[in-house]
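Residue numbers (mature numbering (1 follows the signal peptide of the UniProt record, and there is no 0)): -19 to -1, 1 to 116.
Yeah, the Cβ is synthetic: ideal placement off N, Cα and C, and Gly gets one too.
What follows is a single structure, written as structure tokens, with notes after it.
Below, the structure written as structure tokens:
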């Protein structure tokens, strides 16, 4: 009887990042990382627009970033650091050693370190996404 409870408790304690993850308005999971970076974990066939939406939503609602703040891709699409077997993009509010590059084609932006958009621009990709508490 206690074994399943202990297993769940052990998993929860061993996975602090998962406990702090955030579900963006488009239902993508955002997990905080070290040094202010965070990763958006791909799901549901989301492309670059969905990833930027989740990053902007997290920056605005969880980090209280102003609309004018810049988001940077610091690790392009690669294996997730927090979700085994999944792909993710790591974002931050500072370039963190990358060379900032203007985002011309959003579709390729999550595959290039240094791609940058304002928080306000990223959030515009949430238009038409599920609102919190919506159907």
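Start and end of the alpha helix (DSSP H) containing residue i?
| i | result |
| --- | --- |
| residue 100 | 100 to 105 |
If you compare alpha carbons, which of the options is closest to residue i?
| i | options | result |
| --- | --- | --- |
| residue 83 | 67, 61, 65, 54 | 54 |
| residue 64 | 20, 27, 88 | 20 |
| residue 88 | 4, 98, 66, 80 | 98 |
| residue 93 | 6, 24, 66, 29 | 29 |
| residue 22 | 67, 44, 75 | 67 |
| residue 43 | 79, 102, 11 | 11 |
Have a look at residue i and residue j and give me their C-alpha separation to the nearest angstrom.
| i | j | result |
| --- | --- | --- |
| residue 52 | residue 2 | 18 Å |
| residue 77 | residue 91 | 16 Å |
| residue 69 | residue 109 | 22 Å |
| residue 58 | residue 107 | 20 Å |
| residue 104 | residue 95 | 18 Å |
| residue 81 | residue 27 | 24 Å |
| residue 6 | residue 35 | 7 Å |
| residue -14 | residue 75 | Caution is warranted here: a pLDDT of 44 is assigned to residue -14, below 50, making its placement in the model unreliable, and no coordinate value can be reported. |
| residue 25 | residue 8 | 9 Å |
Note down, in chain order, each residue of its chain lying with its Cβ closer than 8 Å to the Cβ of residue i, except the 5 sequence neighbours on either side.
| i | result |
| --- | --- |
| residue 100 | 37, 40, 41, 46, 47, 48, 49, 50, 51, 52 |
| residue 14 | -3, 20, 62, 63, 71 |
| residue 16 | 73, 77 |
Which residues mark the beginning and the end of the beta strand (DSSP E) in which residue i is found?
| i | result |
| --- | --- |
| residue 52 | 51 to 60 |
| residue 12 | 10 to 13 |
| residue 23 | No beta strand (DSSP E) holds residue 23; DSSP gives it neither H nor E. |
Below 7 Å CB to CB, which residues in the same chain sit around residue i once its five sequence neighbours on both sides are set aside?
| i | result |
| --- | --- |
| residue -6 | Any reading at residue -6 must be qualified, since the residue scores a pLDDT of 45, below 50, and its modelled position is unreliable; no value is offered. |
| residue 4 | 10 |
Could you name the residues of the same chain whose beta carbon sits closer than 6 Å to that of residue i, not counting the 5 residues immediately before and after it, in chain order?
| i | result |
| --- | --- |
| residue 176 | A query on residue 176 cannot be resolved here, the shown segment of the chain reaching from -19 to 116 and no further. |
Contained alpha helix (DSSP H) runs [length at least 4] in the stretch 66 to 90, N- to C-terminal order: Complete alpha helix (DSSP H) runs here, min 4: 87 to 90.
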